[in-house]
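**Student:** Submitted below is the structure of interest, expressed as structure tokens.
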Amino acid sequence: MTPTKTRADYMRILRAFGFNFLFWSIIFVFLLSIRFNWEGAGPGVFELPIEFPMWRVYGNGLLMGFLLSVPYTVMEHVLRRMDIYRGSLLRIIGIRSSLQFVIALVVFLTVGLTNYLYDVWTDNLPDVDPSVRRYVLGMLMRYFMLAALLGNVILSVYRTLQMKIGEEIFHDLLFGRFNPAREEDRAFLFLDLKARF
């Protein structure tokens, strides 16, 4: 492998990570902001009387975006190396979405458990003694799983089309810079320009 190819691979991985991080962080920060700022939602977001300051809301959104981006980027790199993108479109999207959904479930459970342990440690559950299951699998988890399912399908379609068509052509199509080939009628005239004296 040449140094130029290695550098191109690293840049592609870095771009994929940046895209994944931005995509998922925006989704989760948006969802958490809506849910916690929604009138009447407030502390009842876990269906429990818990104090959840805004720094934790945005911190959890960014943390989930980061924790999803790392395995998604690694998965993307591995799938590309396995030449999975030569199969049918539905098969690729199905495999990608399923893998991403399992990864998302593990990340959500990890972040939920971490929040639970933090609230127990800081004595943020004064009047109630919720079970871990009730805390971690509360209403918020359902929102996250729905968002992950939709986001994974969208991301899988986007990435699969990008791999099938080619990154440059796909981006040109996406941003309207692609000029499709067209058939033209042209006439050619051949002349012998050699002088005869």
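Our numbering applies: residue 4 is where the sequence shown begins, and numbers increase by one.
Quick reminder that beta carbons are idealized off the backbone N, C-alpha and C, glycines included.
1) Is the stretch 140 to 156 touching the stretch 87 to 95 in the sense that three or more CB pairs, one from each, lie closer than 8 Å?
2) Throw me the rounded Cβ distance for the G68 and S28 pair, which I believe falls under 8 Å.
3) Whole angstroms is fine: what's the gap from G169's alpha carbon to Y138's?
4) If I measure Cβ to Cβ from I16 and keep anything under 7 Å in the same chain, skipping five residues before and after, which residues do I get?
5) Are the CB atoms of Q165 and F173 nearer to each other than 9 Å?
6) Within the continuous alpha helix (DSSP H) that includes T125, where are the two ends?
7) Using the rule of at least 16 other Cβ atoms within 10 Å of the residue's Cβ for burial, across every protein chain shown, is F33 buried or exposed?
8) From F20 to R189, what does the alpha carbon distance come to, in whole angstroms?
**Tutor:** The answer reads as follows:
1) No, because fewer than three Cβ pairs between the stretch 87 to 95 and the stretch 140 to 156 fall closer than 8 Å, the two stretches do not touch.
2) On the sequence shown, residue 68 is found 65 positions in, with the first residue counted as 1. On the sequence shown, residue 28 is found 25 positions in, with the first residue counted as 1. Taking C-beta atoms under 8 Å as the contact rule, G68 and S28 qualify, at a distance of about 3 Å.
3) For this step, residue 169 is matched to residue 166 along the sequence shown. For this step, residue 138 is matched to residue 135 along the sequence shown. Taking the straight line joining both Cα atoms gives about 44 Å.
4) If you number the sequence shown from 1, residue 16 lands on position 13. Same-chain partners within the cutoff: T76, H80.
5) Within the sequence shown, the letter at position 162 stands for residue 165. Within the sequence shown, the letter at position 170 stands for residue 173. Yes, these two residues count as a Cβ contact at 9 Å.
6) Working through the sequence shown from its first residue, we reach residue 125 at position 122. Run containing T125: none; DSSP gives neither H nor E here.
7) To locate residue 33, count along the sequence shown from 1; it is residue 30. Classification for F33: exposed.
8) Taking the first residue of the sequence shown as position 1, residue 20 is located at position 17. Taking the first residue of the sequence shown as position 1, residue 189 is located at position 186. Going by the C-alpha atoms only, they are around 47 Å apart.
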